[in-house]
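*Asks:*
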Amino acid sequence: MLQEQLLAEIREANLTYLMLAQTLIRQDKAEAVFRLGMNEESADILAALSAAQVMKLASRSTLLCRLRVDDNLVWGLLTNHATSHAPDHAAKKVGNEATNALHAGILMASRRLRPRQRPGPARSTAASTPLRMWSSTRGPRSTPGMQRR
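Just so we're aligned, residue 1 is where the sequence shown starts under this note's numbering, counting upward by one.
(1) May I have the straight-line CA-CA distance separating Glu12 from Gln5, to the nearest angstrom?
(2) Using only alpha-carbon positions, find the residue among Met1, Glu9 and Leu2 that is nearest to Thr62.
(3) Just the C-alpha distance for Ala32 and Ala43, rounded to the nearest angstrom, thanks.
(4) Quick check on this structure: which residue in Leu2, Leu20 and Met1 has the alpha carbon closest to the alpha carbon of Leu64?
(5) Closer than 7 Å by C-beta to Pro121: which residues in its own chain qualify, once you throw out the five before and the five after it? Chain order, please.
(6) What three-state label does DSSP hand Thr62 in the structure shown?
(7) Please report how far the alpha carbon of Val74 lies from the alpha carbon of Met38, in whole angstroms.
(8) Decide if Ile25 is buried, meaning its Cβ has at least 16 other Cβ atoms within 10 Å, or exposed.
(9) Of the choices Leu67, Thr99, Thr16 and Phe34, whose alpha-carbon is the least far from that of Leu77?
(10) If you follow the alpha helix (DSSP H) that Gly76 is in, where does it begin and where does it stop?
(11) Have a look at Arg68, Ser59, Val69 and Asn96 and flag the residue whose alpha-carbon is nearest the alpha-carbon of Thr16.
(12) Note the first and the last residue of the continuous alpha helix (DSSP H) segment covering Asn14.
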């Protein structure tokens with residue numbers, strides 16, 4: 001019984017999320033991409049889903065959305081508490097609530113701008129990133145094989 005209720009709540013959360021996402025995307029795609037923390041391709045796919053497709057996706061037993069806050073600093077700022085390093089881990093008030101909320105928003109927005117690391121073999125960026133070396137007598141110079149600018 002408890003398991004069935006949990007699955008029903010997950011499906012309801014999925015449906016609510018998908019409907020909200022579609023509404024946001026159709027109203028203002030750029031803002032929706034930012035607020036939902038997704039890329040434009042995913043937003044395009046969500047916006048194009050039919051009602052039947054939304055219902056089918058929502059019926060899954062896995063949550064389709066996730067919390068974007070996965071950092072203790074952001075949680076502390078959002079809740080206006082910081083965890084004490086004392087043994088009892090008592091929470092204490094920090095700073096101005098509006099400032100903390102702004103700081104948390106900036107942190108979450110900056111994380112959205114950074115590309116996510118995908119699992120897989122480590123890729124070297126050395127081939128695609130031009131390197132500049134510093135010579136103590138001549139100043140900056142290109143790495144061997146690179147043309148000077």
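Using N, Cα and C, we set each Cβ at its ideal position, and we do this for glycine too.
*Replies:* Short version:
(1) For the purposes of this step, residue 12 is identified with residue 12 of the sequence shown, where counting begins at 1. For the purposes of this step, residue 5 is identified with residue 5 of the sequence shown, where counting begins at 1. Rounded to the nearest whole angstrom, the CA to CA distance from Glu12 to Gln5 is 11 Å.
(2) Translated into positions along the sequence shown, residue 62 becomes position 62. When only C-alpha atoms are compared, the closest one is Glu9.
(3) For the purposes of this step, residue 32 is identified with residue 32 of the sequence shown, where counting begins at 1. For the purposes of this step, residue 43 is identified with residue 43 of the sequence shown, where counting begins at 1. Rounded to the nearest whole angstrom, the CA to CA distance from Ala32 to Ala43 is 8 Å.
(4) By one-based count along the sequence shown, residue 64 stands at place 64. Check the Cα spacing between Leu64 and each of Leu2, Leu20 and Met1: the tightest is with Leu20.
(5) Translated into the one-based positions of the sequence shown, residue 121 becomes position 121. With a pLDDT of 47 at Pro121, under the threshold of 50, the predicted position of this residue should be treated as unreliable, though the coordinate-derived value follows. Closer than 7 Å at Cβ, skipping near neighbours: no residue.
(6) Here residue 62 refers to the residue found at position 62 when the sequence shown is read from its first residue. When DSSP states are grouped into helix, strand and coil, Thr62 belongs to the coil group.
(7) The residue you call residue 74 lines up with position 74 of the sequence shown. The residue you call residue 38 lines up with position 38 of the sequence shown. Distance between the alpha carbons of Val74 and Met38 is about 19 Å.
(8) Walking along the sequence shown from the start, residue 25 turns up at place 25. Residue environment for Ile25: buried (at least 16 other C-beta atoms within 10 angstroms of its C-beta).
(9) The residue given as residue 77 occupies position 77 in the sequence shown. For the residues Leu67, Thr99, Thr16 and Phe34, the minimum Cα distance to Leu77 belongs to Thr99.
(10) One-based indexing of the sequence shown puts residue 76 at position 76. Per DSSP, the continuous alpha helix (DSSP H) segment holding Gly76 begins and ends at Asn72 to Thr79.
(11) Taking the first residue of the sequence shown as position 1, residue 16 is located at position 16. Checking every option, the nearest Cα to that of Thr16 belongs to Ser59.
(12) Within the sequence shown, residue 14 is the residue found at index 14, counting from 1. Where Asn14 is concerned, the enclosing alpha helix (DSSP H) stretches over Leu2 to Gln27.
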